[in-house]
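These notes are about the structure you will find just below.
Numbering (full-length UniProt numbering), first residue to last: 1 to 398.
Dropping the structure here:
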């Protein structure tokens with residue numbers, strides 16, 4: 001079941017455990033993560049890193065993730081990892097993610113604060129939580145070192161507190177000795193630093209990036225010191241590759257990789273304390289409820305202008321935050337009382353509320369739509385992704 005990511009992490013804070021955010025690249029990894037979380041009865045974050053989106057069609061994969069998450073028996077959220085720009089975050093709000101990260105950790109303090117503050121405002125406008133990062137977690141070797149170059153910079157407890165206060169971010173990624181990729185030497189975790197950050201930010205979910213190669217004891221120590229979300233990727237792809245190497249056929253390789261990923265996810269969920277919490281979280285985590293915004297209308301101007309108006313509206317309004325889908329059409333039925341249609345899906349009720357007041361929407365509606373469509377009916381349907389419940393639609397004539 002697809003649920004609000006913010007509630008998942010707040011439950012982890014209150015109950016002192018960590019939820020896995022497992023980065024995926026395809027549906028084999030998606031299936032493995034969901035299967036492992038189901039076996040552990042653990043809440044889970046399906047995570048996709050921006051840097052990996054050049055390896056697949058992001059919209060196609062997200063459509064599969066949303067459907068699979070909605071049908072999963074446990075509690076699932078979908079996270080956009082290591083976002084770099086506000087434009088990329090806007091697109092993420094349109095694709096099906098339910099939480100966002102902006103990574104300005106490589107920037108100077110003032111630049112990081114400014115970027116993260118703008119990202120938090122964007123995320124909150126559509127009802128999403130935002131993860132920011134202060135301190136710097138480097139890469140180890142190979143591609144991870146290329147993507148995260150430079151030396152580690154540990155997060156200071158006072159700057160962590162100031163960063164959350166100044167930016168309004170909901171979750172905070174911190175640097176306490178982990179690295180992106182697999183550790184090549186002996187990890188040196190600064191658990192006292194993590195505990196001090198937790199003391200300064202008692203209600204803020206704290207995030208650990210990197211950790212492949214840590215022992216179970218080290219992971220448990222991280223959780224005990226205050227970690228609530230652990231990003232996990234390298235170990236999954238290494239485990240999948242090792243399991244698939246004994247097979248020649250792709251179908252056999254895929255099934256072996258899926259099972260290996262499921263086993264690793266189940267194991268880590270148990271180590272991090274998330275096992276057994278999936279059903280409990282349902283009591284506190286509301287479902288993600290997209291809204292279908294439908295307008296039936298007449299047209300008092302030249303009929304040939306309708307197509308131009310619709311094309312302009314789809315392009316303009318479809319670019320706004322939280323607009324999951326937008327379409328316009330003409331009735332098949334002759335002499336229909338309302339022959340024209342707009343159908344829009346918004347990620348959340350907050351996204352619809354933000355859309356209504358957005359300057360681009362107001363400009364288009366006031367200049368291109370309302371003057372010629374005074375006869376119209378608007379209905380907002382709250383969708384539940386086919387889970388057997390149907391919310392009562394709110395109807396208005398305006």
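In this text, a Cβ means the ideal position worked out from N, Cα and C, and glycines have one as well.
These numbers were taken from a predicted model, which means no experiment stands behind them.
Give every residue of the same chain whose Cβ lies closer than 6 angstroms to the Cβ of residue 157, excluding the five residues on either side of it in the sequence, and list them in chain order. Same-chain partners within the cutoff: 196, 197, 200.
| field | 7 angstroms Cβ cutoff met for residue 20 and residue 261 | value | Contact flag unset, no.
* Asked: If you pair each beta-carbon of the region 332-341 with each one of the region 272-287, do three or more pairs fall below 8 angstroms?
  -> With the cut-off at 8 angstroms, the region 332-341 and the region 272-287 do not touch.
Helix, strand or coil for residue 309? Go by DSSP, reduced to three states.
Of the three classes helix, strand and coil, the one that applies to residue 309 here is helix, per DSSP.
ask   = What does a CB cutoff of less than 7 angstroms around residue 235 pick up in its chain, not counting 5 residues either side in sequence?
value = Taken in chain order, the residues that qualify are 212, 264.
| What do you get for residue 144, buried or exposed, if any count of 16 or more other CB atoms within 10 angstroms of its CB means buried? | For residue 144, the predicted model reports a pLDDT of 44, less than 50, meaning its position is unreliable and no value from the coordinates is stated.
* Asked: What is the DSSP secondary structure of residue 19, counted as helix, strand or coil?
  -> Assigned with DSSP and collapsed to three states, residue 19 falls in strand.
| Can you check whether the CB of residue 275 is closer than 7 angstroms to the CB of residue 42? | Result yes, Cβ atoms of residue 42 and residue 275 sit closer than 7 angstroms.
Problem - Extent of the continuous alpha helix (DSSP H) to which residue 358 belongs - result: Per DSSP, residue 358 belongs to no alpha helix (DSSP H) and is neither H nor E.
Secondary structure at residue 212, three-state DSSP: helix, strand or coil? Strand.
Check your understanding: What's the C-alpha gap between residue 57 and residue 38?
Key -> Approximately 26 angstroms between the Cα atoms of the pair.
Should residue 112 go down as buried or exposed, given a rule of 16 or more other Cβ atoms within 10 Å for buried? Flag for residue 112 reads buried.
- Do the region 83-91 and the region 303-315 make contact, defined as three or more Cβ pairs closer than 8 angstroms? Contact between the region 83-91 and the region 303-315 is absent, because fewer than three Cβ pairs lie under 8 angstroms.
Contact under 7 angstroms by Cβ, residue 328 with residue 310
Contact flag set, yes.
request  = For residue 175, count neighbouring Cβ atoms within 10 angstroms of its own Cβ and tell me buried if that reaches 16, exposed if not.
outcome  = Buried, by the Cβ-count rule.
Which residue from 194, 242, 239 puts its Cα closest to that of residue 219? When 194, 242, 239 are compared, the shortest CA-CA separation from residue 219 is found for 194.
If we ignore side chains and look at the alpha-carbon of each, how far apart do residue 27 and residue 3 end up? Their backbone Cα atoms lie some 20 angstroms apart in a straight line.
Count the other C-beta atoms from every protein chain shown that fall within 10 angstroms of the C-beta of residue 55, then say buried if there are 16 or more, exposed otherwise.
Counting the other Cβ atoms within 10 Å of the Cβ of residue 55 gives fewer than 16, which makes it exposed.
(request) Could you check what DSSP says for residue 379 in three-state terms: helix, strand or coil? (result) In the three-state scheme derived from DSSP, where H, G and I count as helix and E and B as strand, residue 379 is classed as strand.
I need the straight-line Cα distance from residue 74 to residue 304, nearest angstrom please. Cα to Cα, the separation comes out at about 50 angstroms.
Worksheet item: Taking C-alpha atoms, which residue in 76, 24, 45 lies nearest to residue 287?
Response: Distance from the Cα of residue 287 is smallest, within the candidate group 76, 24, 45, for 76.
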